[in-house]
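The structure appears right after this line, and notes come after that.
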Amino acid sequence: MSAPYLFISYSREDTALQQKVIRELRERGINVWVDIENLIPGTPAWEREVERSIRGASGVIVLLSPGSNNSEWVRREVSFAEENDKRIFPVLIRGDENDSIPLRLSSHQRVDLRRNFNKGMDYLADTLNDFLGTTVISKRKKEEKKSFDLSSIDFKKFAIPGAIALFGLTCLGGLAFAVNAIINGTKTPVPATTPPDVDPAITETATKPVTAQDEPTGRIIYTCQVQGDEICIINADGSNWRRLTDTSLASFNANPSPDGESAVYVVSDGETSEIYELNINTGKSMQLTNLERSLGSPEISPDNKFIIFHYPIGNNRVNNLQLWIMNRDGSDPHEFYSEPGRDVHDGTWSPDGTQVLFALGRGENNKLYVIDFNGREPKLLNASIDTRGRSDWSVNDLISLDMGGAWAHEVYLMNADGSNLEQVSPGGLNAQGASISPDGKWITFSGYTNVAGKDLASCEIYIMRVDGSDLRRLTNNGYCDYQPRWGK
Numbered sequence: 000m001s002a003p004y005l006f007i008s009y010s011r012e013d014t015a016l017q018q019k020v021i022r023e024l025r026e027r028g029i030n031v032w033v034d035i036e037n038l039i040p041g042t043p044a045w046e047r048e049v050e051r052s053i054r055g056a057s058g059v060i061v062l063l064s065p066g067s068n069n070s071e072w073v074r075r076e077v078s079f080a081e082e083n084d085k086r087i088f089p090v091l092i093r094g095d096e097n098d099s100i101p102l103r104l105s106s107h108q109r110v111d112l113r114r115n116f117n118k119g120m121d122y123l124a125d126t127l128n129d130f131l132g133t134t135v136i137s138k139r140k141k142e143e144k145k146s147f148d149l150s151s152i153d154f155k156k157f158a159i160p161g162a163i164a165l166f167g168l169t170c171l172g173g174l175a176f177a178v179n180a181i182i183n184g185t186k187t188p189v190p191a192t193t194p195p196d197v198d199p200a201i202t203e204t205a206t207k208p209v210t211a212q213d214e215p216t217g218r219i220i221y222t223c224q225v226q227g228d229e230i231c232i233i234n235a236d237g238s239n240w241r242r243l244t245d246t247s248l249a250s251f252n253a254n255p256s257p258d259g260e261s262a263v264y265v266v267s268d269g270e271t272s273e274i275y276e277l278n279i280n281t282g283k284s285m286q287l288t289n290l291e292r293s294l295g296s297p298e299i300s301p302d303n304k305f306i307i308f309h310y311p312i313g314n315n316r317v318n319n320l321q322l323w324i325m326n327r328d329g330s331d332p333h334e335f336y337s338e339p340g341r342d343v344h345d346g347t348w349s350p351d352g353t354q355v356l357f358a359l360g361r362g363e364n365n366k367l368y369v370i371d372f373n374g375r376e377p378k379l380l381n382a383s384i385d386t387r388g389r390s391d392w393s394v395n396d397l398i399s400l401d402m403g404g405a406w407a408h409e410v411y412l413m414n415a416d417g418s419n420l421e422q423v424s425p426g427g428l429n430a431q432g433a434s435i436s437p438d439g440k441w442i443t444f445s446g447y448t449n450v451a452g453k454d455l456a457s458c459e460i461y462i463m464r465v466d467g468s469d470l471r472r473l474t475n476n477g478y479c480d481y482q483p484r485w486g487k
């Protein structure tokens with residue numbers, strides 16, 4: 000765009016109000032940028048276009064609501080605007096100030112459209128006009144019509160003749176209409192009413208996310224170091240970010256339930272770690288174990304009956320790991336598999352729940368094994384693998400894992416029998432902690448944006464297709480996001 004324009008940042012939940020604000024601003028002669036019709040939100044092309052548009056914009060309008068306050072994309076757009084020294088104009092459209100205004104924008108002067116939309120839009124337009132130095136078309140003046148002066152007309156002299164003429168015209172009109180109805184057999188129409196004052200739809204741009212059959216769905220739960228280790232969740236398209244835990248204890252190793260309604264995770268006080276369950280919708284949690292050990296990596300079986308996890312034995316409460324299992328409610332915890340002198344850890348279920356995939360070894364030198372749920376001898380999948388441990392098993396019998404040297408991990412896929420091992424991550428991200436989407440078409444992992452600087456706080460959540468294409472970054476924070484697991 001050659002003329003000055005404003006970029007609008009908003010949550011997809013507020014699309015209808017966003018369209019109304021756009022129309023009102025354009026009617027006042029203010030140029031605004033909105034999403035490109037043929038770009039899917041969250042894709043690399045969309046991100047590049049958004050960043051280019053923010054760089055070229057004179058300022059950024061942020062539509063504030065509970066949805067935008069929880070939107071990862073809005074946070075990223077505001078951060079990018081601040082990095083590029085753009086003037087930000089907060090506009091409150093929904094909710095109250097506590098749940099709609101992020102802390103970073105609380106000191107900004109804002110426009111409130113909640114109580115009097117038209118008055119608020121006039122004020123916003125005047126503010127933007129002063130900032131841009133352009134002439135704004137006032138909608139108030141535009142709607143004014145020239146009044147007709149009736150004060151000088153003497154209606155008395157027209158009263159009787161006018162009434163007679165009006166009566167005659169009415170009779171003639173009614174007679175003609177009746178004759179026409181008889182001749183043509185038409186029905187008497189119902190008098191038309193004035194249409195309601197509705198906002199016409201804006202058709203020049205598409206502002207809602209495109210939902211294609213192969214687009215990512217579901218939610219990704221992960222560990223976010225927003226204030227220590229906490230549990231966060233985000234939609235697979237990058238929307239609706241939420242922080243699920245907020246305690247003084249460390250929370251990590253979250254795994255969603257088969258139905259996606261809850262998650263099991265680990266809570267640590269620094270001495271021991273116990274397994275909890277969290278309702279994703281309400282945020283309520285419940286402790287499942289009280290074993291006074293450093294338990295880890297809990298995962299619910301596909302039939303929702305059991306939880307597998309690893310358990311340290313001996314005097315050392317952290318090392319010498321065994322694979323344990325317990326009932327879904329935390330009862331009857333007991334050993335499932337162990338090997339003296341080696342750690343057995345990070346168990347994950349096969350899609351049908353008949354087998355368990357796990358890591359066996361020490362440190363970075365772990366092999367992946369599969370064991371039948373009935374406890375038969377484990378089978379080594381691929382001798383060439385040396386992994387840290389965390390893996391996943393997809394519905395189409397692909398296994399994801401990561402391996403590599405220090406700061407050089409990559410995500411790999413292989414068949415469930417260990418064949419066809421192939422790197423799928425793009426390289427250079429120190430990619431790890433891979434998890435496959437429920438439909439088997441996508442992979443999420445944590446990658447580092449500053450590998451060269453070995454910045455431990457630079458890990459973010461990414462997704463890509465199982466063939467390694469269409470890489471998308473979902474988070475953009477000043478703290479580490481890691482251990483993603485993909486659920487419904």
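Sequential numbering of the sequence shown, starting at 0, is according to the working numbering.
Note that CB positions come from ideal geometry on N, CA and C, so glycine has one too.
Straight-line CA distance for residue i to residue j?
i: Glu12; j: Asp236; result: 13 Å
i: Glu76; j: Lys118; result: 27 Å
i: Ala249; j: Gly269; result: 8 Å
i: Leu131; j: Asn449; result: 37 Å
i: Asp342; j: Phe88; result: 55 Å
i: Lys145; j: Ser52; result: Because the pLDDT of Lys145 is 38, which lies under 50, any placement of that residue in the model is unreliable, and the number read from its coordinates should be weighed accordingly. Rounded to the nearest angstrom, the two C-alpha atoms are 42 Å apart.
i: Gly374; j: Asp98; result: 51 Å
i: Tyr481; j: Arg471; result: 15 Å
i: Phe372; j: Asp84; result: 58 Å
i: Asp328; j: Asp351; result: 20 Å
i: Val265; j: Ser457; result: 23 Å
i: Gly340; j: Arg387; result: 17 Å
i: Asp466; j: Ser383; result: 21 Å
i: Leu127; j: Val110; result: 11 Å
i: Leu174; j: Ser10; result: Caution applies to Leu174, whose pLDDT of 41 falls short of 50 and renders its modelled position unreliable; the model cannot decide the point.
i: Ile100; j: Gln108; result: 11 Å
i: Gly66; j: Leu102; result: 15 Å
Taking residue i as part of the beta strand (DSSP E), name the residues at either end of that continuous run.
i: Arg75; result: Run containing Arg75: none in the beta strand (DSSP E); it sits in the alpha helix (DSSP H), Glu71 to Glu82.
i: Tyr411; result: Glu409 to Asn414
i: Gly432; result: Gln431 to Ile435
Confirm, please, whether the CB-CB distance from residue j to residue i is below 8 Å.
i: Ser272; j: Gly295; result: yes
i: Gly217; j: Gly28; result: no
i: Ile60; j: Ser8; result: yes
i: Ala124; j: Arg484; result: no
i: Gln224; j: Tyr478; result: yes
i: Glu291; j: Gly346; result: no
i: Lys19; j: Asp213; result: no
i: His309; j: Trp323; result: yes
i: Ile230; j: Leu243; result: yes
i: Glu50; j: Phe79; result: yes
i: Asn494; j: Tyr411; result: The displayed coordinates of the chain run from 0 to 487. Any statement about residue 494 would go beyond what the structure contains.
i: Leu277; j: Ser267; result: no
i: Val369; j: Leu359; result: no
i: Glu46; j: Thr474; result: no
i: Arg86; j: Gly55; result: no
i: Thr14; j: Ile219; result: no
i: His408; j: Asp401; result: yes
Please name the residue in the options whose C-alpha comes closest to that of residue i.
i: Glu338; options: Glu229, Ile435 and Asn319; result: Asn319
i: Met120; options: Gly426, Gly313 and Val90; result: Val90
i: Ser393; options: Leu62, Trp348 and Leu287; result: Trp348
i: Lys378; options: Gly388, Leu356 and Asn364; result: Leu356
i: Gly312; options: His333, Lys304, Asp328 and Leu470; result: At residue 312 the sequence reads Ile, which differs from the Gly that was named. The candidate whose alpha carbon is nearest that of Ile312 is His333.
i: Arg462; options: Gly452, Leu455, Ser436 and Asp454; result: Contrary to the premise, residue 462 reads as Ile rather than Arg in this sequence. Ranking the options by Cα distance to Ile462, first place goes to Ser436.
i: Gln431; options: Gly282, Asp391 and Ile274; result: Asp391
i: Ser106; options: Arg114, Glu96, Arg464 and Gly259; result: Glu96
i: Phe116; options: Gly58, Gln17 and Gly66; result: Gln17
i: Gly403; options: Ala2, Ser424 and Thr281; result: Ser424
i: Ser64; options: Leu367, Asn239 and Arg22; result: Asn239
i: Glu23; options: Asp454, Leu112 and Leu104; result: Leu112
i: Glu260; options: Thr246, Ser247, Gly282 and Phe251; result: Gly282
i: Gly427; options: Asp245, Gly452 and Gln226; result: Gly452
For the alpha helix (DSSP H) holding residue i, just list the boundary residues, first then last.
i: Thr347; result: Not the alpha helix (DSSP H): Thr347 falls in the beta strand (DSSP E), residues Asp342 to Trp348.
i: Val20; result: Thr14 to Glu26
i: Phe116; result: Phe116 to Leu131
i: Ala99; result: According to the sequence as given, residue 99 is Ser; it is not Ala. That run of the alpha helix (DSSP H) goes Glu96 to Ser99.
i: Gly313; result: Unbroken run through Gly313: none, as it is neither H nor E.
i: Gly66; result: Pro65 to Asn68
Contact check, residue i vs residue j under 8 Å by CB: the rounded distance?
i: Asn365; j: Asp385; result: 7 Å
i: Ile307; j: Phe335; result: 7 Å
i: Leu287; j: Ile274; result: 5 Å
i: Pro301; j: Pro257; result: 6 Å
i: Ile460; j: Tyr122; result: No, Ile460 and Tyr122 are not in contact; Cβ-Cβ is about 39 Å, not under 8 Å.
i: Ser468; j: Ala433; result: Going by Cβ atoms, the distance from Ser468 to Ala433 rounds to 15 Å, so no, they are not a contact pair.
i: Arg241; j: Asn69; result: 6 Å
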